[in-house]
Amino acid sequence: LDVFSLMGDASDNVPGVKGIGEKTAVKLIKEFGSLEKTLDNASSVKGNTGKLLEQGRQDALKSKELIRLKDDVAINYSLESFKNVDIPVDKAIPFFEKYEFKSLIDKYSGAAFEEKQSQMHHRRHPELTRFVASSSKSVIGDPGSAVLGFNGEMPKQVRHDTSPKHSIEVREFKSAVIDTKEKMAAVAAAIEKSGKVAVKTLGSSPDSLKSNVVGVSLCTEGESYYIPIGHNELTQAQVSFDDFKDAFAQILANEKIKKIGHDLKTERNIYRSLGMDICGLYFDVMLASYCLDPSKPHDITYMAKEYMDFEAGDESFLGKASKRISFADAPSQECAKYANSAAFAAYSVYEKFEIEIKENGLEKLFYEIEMPLLEVLSGMELAGIKVDTEFLRSFGAKITAEMKTVEIKIYAQADKEFNINSPKQLASVMFEKLNLPAVKKTKTGYSTDEEVLTELSASYEFPAEILKYRELQKLKSTYIDPISSYCAYYGDRIHTIFNQAVTTTGRLSSTDPNLQNIPIKSAHGREFRKAFVPEKEHIYVSADYSQIDLRVLAHISGDEKLIEAFKAGEDIHASTAREVFGVEKGKSVPDELRSAAKAINFGIVYGISPFGLSRQLNIQLGQAKEYIDGYLAKYAGVKKWMHKIVEDAKKDGFVQTLTGRIRYIPELSAPNAQARAGGERMALNTPVQGSSADIIKMAMINIGSELNEKDYGATMILQVHDDLLFEVSADKADNLSEMIKDKMENALKLEVPLIVDVKQGKNWGEMKRQ
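Just so it is clear: in the sequence shown, position 176 is 435 by our numbering, and no numbers are missing.
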């Protein structure tokens, strides 16, 4: 337990202490005896390990709680009492189905049960004779009726069924290695005849933008062929990359040959980086899985095991993360097995998911949003964003100096030096030495989290200085240092990765490096953004949706007052302040009331509670409740929608966005009241935030198409939630601004107008409204 609490377990989302692996964890626990004693003695541990322990203390303690087995449950049975018990199959099967106990369904259902399900399935889909149903559940209504049009209407509620309705045809896994021109020609002919192929490319580097091809698996009609190209193993016969291009470049570039795969964006990045085209990207099983149920794992290993009972994509032969070797250095036979199994699984899962995408009314979402967006995002990743490395160095030095100044002030006020990053030492200084009032206590002692420090800083200087120090440290450790490292790797143009299948709401995320969370509200954050600059004779153009979540809320709730205010072009927060606080028309709204109204507006979208609002506005709980009640009394349409969406979600088990995107919310039926309350917030937030995310995705696709068709001298380089950033030739900036404003404002017709603010600037930190 203590070792795993330190090293973590990525497969179970246990964080552990970042940077500490199994060997170090074992050594530490042997030395100190327990996790708690190890953390308490972190300052005595030499080198970087001690710092990691201090920085990762909270993650380690949280990990222990996550892993720890509950061993104090009262059990009044013995194992012997469960032996030779007759299972009442008629009652057991529905129970097994509800909780998806698939092996128990198989064990107790028997041939008669399977035959019954098969008959039900074939009545529904007589043309799909090669599939056998594996569940008794079915889609309610005609599957074809669920197809959605993007007309701004909430999609019809379809009873979505997350359990697999179609098992995958059990084929024999046929795997071959293709290492001659003649064999490649035969495979190419088979692909052309089939018209579709699953592709899995092994690169020499995990970075798809700086990777040579080690090998390629091509799977057509369920048969996988591995072509070894760049292995360092001298005993394996291989083909040259040029010979591979001669054999398959036309097939990869052929739009008419459907390309299937898992994470096709990575495939596109690899080939585009090497000067090749891969077109006809038809079906990405990762994105299909994401559309069908965003909360499930979307890796090919999980899919193969879950839907095929097949082992695929096992990377264990590459070694553990800290000592992982590249595909180029791995045994070629292992690589062939890995790639061929992954391509085979992708091809097989595609045949299942293609049907379920249609049955669940997700065709437009998948084929017209997620699949086209894949290519747009690939283009953005390949383009990258330029960094002024000299400015970055100077800014980093400035932040380091400021941290030192704040550090000296903290030590002076504490009258001693201590580890500011140690919650235990900081708590000792604050609550024992300085006798500041303790606000919150945790299992490990008095809390020094941001909420506590913010509350205390209103009356005391010391916690205010700690907040300053943490802001500077986060800026340096989370942004300045990593981006400096990326510049050392890429040069002055770095390339983030946009993750398309991560969030449960449909929003994109950014990693390696994360460019979506760079602070904008703080002065230091705005200054840091100046490090991002366009090429010479170019400028930046940014386009940002104005209050898109509130506009979506007005549309889907149908609230007349909200709709009227947006159509009239009113300041929505001032309008809300007039309604909730009774400010007469014609009189100006005080800033503090407008700020309160703004907090309520956005809080309603995110399902805020009176407690949350009271904390945010620093007001009494009763007053916060009055504010929310007052808002809901004035905006009756919003109140009615909030009630209905939660009740429908409890009944259906899911919510949908305007484009039909699904989010299942099992928390709504949880026995724990806190979990249910969280589920209700998800039910309120997802249709709004998810619809906003889909709107900007549609805008990106339309803009990307326009940029490809006409010469705007521009490149789309970043998406930060409701904001798009473009790099454009200075003389074409105004023309581009008009086009992107038009495409974004007309991405989806709502009851209220979508408004886009366009800015231009010489760097990302100095953007001015046009």
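We put the beta carbon where it would ideally sit given N, CA and C, even for glycine.
DSSP bridge partner residues for residue i (one or two, in chain order)
| i | result |
| --- | --- |
| residue 990 | According to DSSP, which records beta bridges pairwise, residue 990 is partnered with nothing at all. |
| residue 487 | 474 |
| residue 520 | 543 |
| residue 587 | None; residue 587 has no bridge partner. |
| residue 770 | 756 |
| residue 268 | 273 |
| residue 922 | 914 |
| residue 998 | Residue 998 is not bridged to any residue. |
| residue 705 | 700 |
| residue 1028 | 1018 |
| residue 978 | 983 |
| residue 645 | 752 |
| residue 479 | 482 |
| residue 973 | 987 |
First and last residue of the uninterrupted alpha helix (DSSP H) at residue i
| i | result |
| --- | --- |
| residue 1016 | From DSSP, residue 1016 is part of no alpha helix (DSSP H) but of the beta strand (DSSP E) over 1015-1020. |
| residue 967 | 932-968 |
| residue 279 | It is not in any alpha helix (DSSP H) - residue 279 carries neither H nor E in the DSSP assignment. |
| residue 662 | 648-673 |
| residue 317 | 316-326 |
| residue 725 | 720-733 |
| residue 536 | Counting along the chain, residue 536 falls outside any alpha helix (DSSP H), and DSSP gives it neither H nor E. |
| residue 869 | 869-876 |
| residue 511 | 500-512 |
| residue 357 | 348-357 |
| residue 295 | 294-299 |
| residue 685 | 682-687 |
With 16 other Cβ atoms within 10 Å as the buried cut-off, status of residue i
| i | result |
| --- | --- |
| residue 557 | buried |
| residue 400 | Below a pLDDT of 50, predicted positions are generally treated as unreliable, and residue 400, at 28, falls in that range; no measurement from the model is reported. |
| residue 930 | exposed |
| residue 543 | buried |
| residue 738 | buried |
| residue 980 | buried |
| residue 553 | buried |
| residue 675 | exposed |
| residue 511 | buried |
| residue 772 | buried |
| residue 806 | buried |
| residue 701 | exposed |
| residue 227 | Because the chain spans 260 through 1029 in this model, residue 227 falls outside it and cannot be assessed. |
| residue 1017 | buried |
| residue 788 | buried |
| residue 800 | buried |
| residue 759 | buried |
| residue 754 | buried |
| residue 1028 | exposed |
| residue 533 | exposed |
| residue 267 | buried |
| residue 864 | buried |
Residue i - containing beta strand (DSSP E), residue span
| i | result |
| --- | --- |
| residue 540 | 540-543 |
| residue 803 | 797-804 |
| residue 889 | Careful: residue 889 lies outside any beta strand (DSSP E), inside the alpha helix (DSSP H) at 880-893. |
| residue 461 | 455-462 |
| residue 639 | Not the beta strand (DSSP E): residue 639 falls in the alpha helix (DSSP H), residues 630-642. |
| residue 864 | No beta strand (DSSP E) holds residue 864; the alpha helix (DSSP H) holding it covers 850-864. |
| residue 792 | Counting along the chain, residue 792 falls outside any beta strand (DSSP E), and DSSP gives it neither H nor E. |
| residue 571 | That residue, residue 571, is in no beta strand (DSSP E); it is neither H nor E in DSSP. |
| residue 434 | 433-436 |
is_contact[residue i, chain D] using C-beta, thresh 8 Å
| i | result |
| --- | --- |
| residue 711 | This model lacks chain D altogether, as it is built from one protein chain only. |
Worksheet item: Is there contact here, the segment 1010-1021 with the segment 821-834, by at least three beta-carbon pairs under 8 Å?
Response: yes
Practice prompt. Determine, using beta-carbon pairs with one atom in the segment 585-593 and one in the segment 483-497, whether at least three such pairs fall under 8 Å.
Written response: yes
Worksheet item: Counting pairs of beta carbons, one from the segment 808-815 and one from the segment 756-765, are three or more of them closer than 8 Å?
Response: no
Discussion item. Below 8 Å, how does it come out for the segment 722-739 and the segment 906-919: are there three or more Cβ pairs, yes or no?
Written reply: no
Worksheet item: If we count Cβ pairs, one from each stretch, closer than 8 Å, do we get three or more for the segment 327-341 versus the segment 275-291?
Response: no
Item to complete: Assess, as a yes-or-no matter, whether the segment 433-446 is touched by the segment 506-517 under the definition of 3 or more beta carbon pairs within less than 8 Å.
Response: yes
Worksheet item: Do the segment 953-973 and the segment 625-633 touch if we need at least three Cβ pairs shorter than 8 Å?
Response: yes
Worksheet entry | Cβ contact (3+ pairs, closer than 8 Å) linking the segment 477-488 and the segment 618-629 | no
Discussion item. Taking contact to mean 3 or more Cβ pairs, one atom from each stretch, closer than 8 Å, check whether the segment 917-924 and the segment 939-946 are in contact.
Written reply: yes
Worksheet item: Looking at C-beta atoms only, is the number of pairs between the segment 699-716 and the segment 605-622 that lie closer than 8 Å three or more?
Response: no
Discussion item. Closer than 8 Å is the cut-off here; do at least three beta carbon pairs connect the segment 272-282 with the segment 306-326?
Written reply: yes
Item to complete: Pair every Cβ in the segment 830-849 with every Cβ in the segment 874-893, then say whether three or more of these pairs are closer than 8 Å.
Response: yes
Worksheet entry | Length-filtered (4 minimum) alpha helix (DSSP H) runs lying within the segment 815-841 | 819-826 and 831-840
Worksheet item: For the segment 770-790 against the segment 734-754, are there 3 or more C-beta pairs whose distance is under 8 Å?
Response: yes
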